[in-house]
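Residue numbers (this note's numbering): 22 to 282.
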């Protein structure tokens, strides 16, 4: 009989649905190792996750046997080769529409700059597909699947500005306005004013708020209800110089993506 001692989750009908405790604990170990910078020891996992030491050892050895974890030369548990299968599958399955990736490449061809598309996935604003720019000096790509610091990213601010106020409030309540760079907006009043500006002008800017020396410009994909955005990331020294051309290229690609959906 499955171990279901953990609190039950919600089913679609609002009824309680049992969870398998051992599976939940195993996944929590895997996630803790993935989030660590150099791996974790069993004692660290046990303490961090508040798990009995013996249970931690049993679950870790199961993950070792399946190749999802391995032990490195410092006797710390790190992700194993089998974890790459999960990461690869996540990237392949992430993009929700086949029309976004070609449009991102169109933006790169038109502007020479690094471009990407973002959208809502499981309540987070996620980078769905990226393409590196053509210029000798270019912005580093946002990793596919990245979902952090939406308040500091052009796509994040854009999609939040287009969200229903109650949903936006819920998101911001769960995601604090932490500073990413000295330019990051951490004042809620100032961010609300920024949302109003974005909704009025139809695009969003990131002025070195996410990465020093880089600025970003994002526009919504038309006809998709504010669920997706296209964006370019540009070194600050040429961002203003090419602003009008880059905005036009983004809007053109966004119109095509919306028409094809």
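Each residue gets a CB set at the ideal place from its N, CA and C atoms; glycine is no exception. In this text the structure is predicted, and so the values were computed from the model without any measurement.
Q: From the DSSP output, read off the bridge partner residues of residue 253.
A: 136 and 238
Q: Could you tell me the distance, in whole angstroms, from the CA atom of residue 199 to the CA atom of residue 209?
A: 11 Å
Q: Grab the span of the beta strand (DSSP E) containing residue 147 for me, first residue to last.
A: 145 to 152
Q) For the beta strand (DSSP E) that contains residue 56, what are its first and last residues? A) Per DSSP, residue 56 belongs to no beta strand (DSSP E); it is in the alpha helix (DSSP H), 42 to 56.
(Q) Quick check on DSSP: helix, strand or coil for residue 192? (A) helix
(Q) Checking the sheet assignment: what are the DSSP bridge partners for residue 92? (A) 98
**Q.** Where residue 204 falls: helix, strand or coil (DSSP)
**A.** coil
Q) First and last residue of the alpha helix (DSSP H) that includes residue 179? A) 175 to 182
Q: Would you mind reading off the limits of the beta strand (DSSP E) that contains residue 226?
A: 225 to 228
Q) Would you call the segment 143 to 156 and the segment 226 to 242 in contact, with 3 or more CB pairs under 8 Å? A) no
Q) Sorry if obvious, but does the Cβ on residue 215 come closer than 7 Å to a heavy atom of the ligand GDP? A) Here there are no bound small molecules, and the ligand GDP is not part of this structure.
**Q.** Environment of residue 93 [buried if 16+ CB atoms lie within 10 Å]
**A.** exposed
(Q) Just to confirm my understanding: we take residue 104, look at its own chain, exclude 5 residues before and 5 after, and list those with CB closer than 7 Å. What are they? (A) 89
Q: Tell me whether the beta-carbon of residue 146 lies closer than 8 Å to the beta-carbon of residue 101.
A: no
Q.
The alpha helix (DSSP H) that contains residue 211, what's its start and end?
A. 209 to 222
**Q.** Simplified DSSP assignment, three categories, for residue 121
**A.** helix
Q. Among residues of its own chain, excluding the 5 on either side of residue 73, which ones have a beta-carbon nearer than 8 Å to its beta-carbon?
A. 67
Q. Which stretch, first to last residue, makes up the alpha helix (DSSP H) that contains residue 69?
A. 63 to 70
Q: In the DSSP assignment, find the alpha helix (DSSP H) that holds residue 85 and state where it starts and stops.
A: 74 to 86
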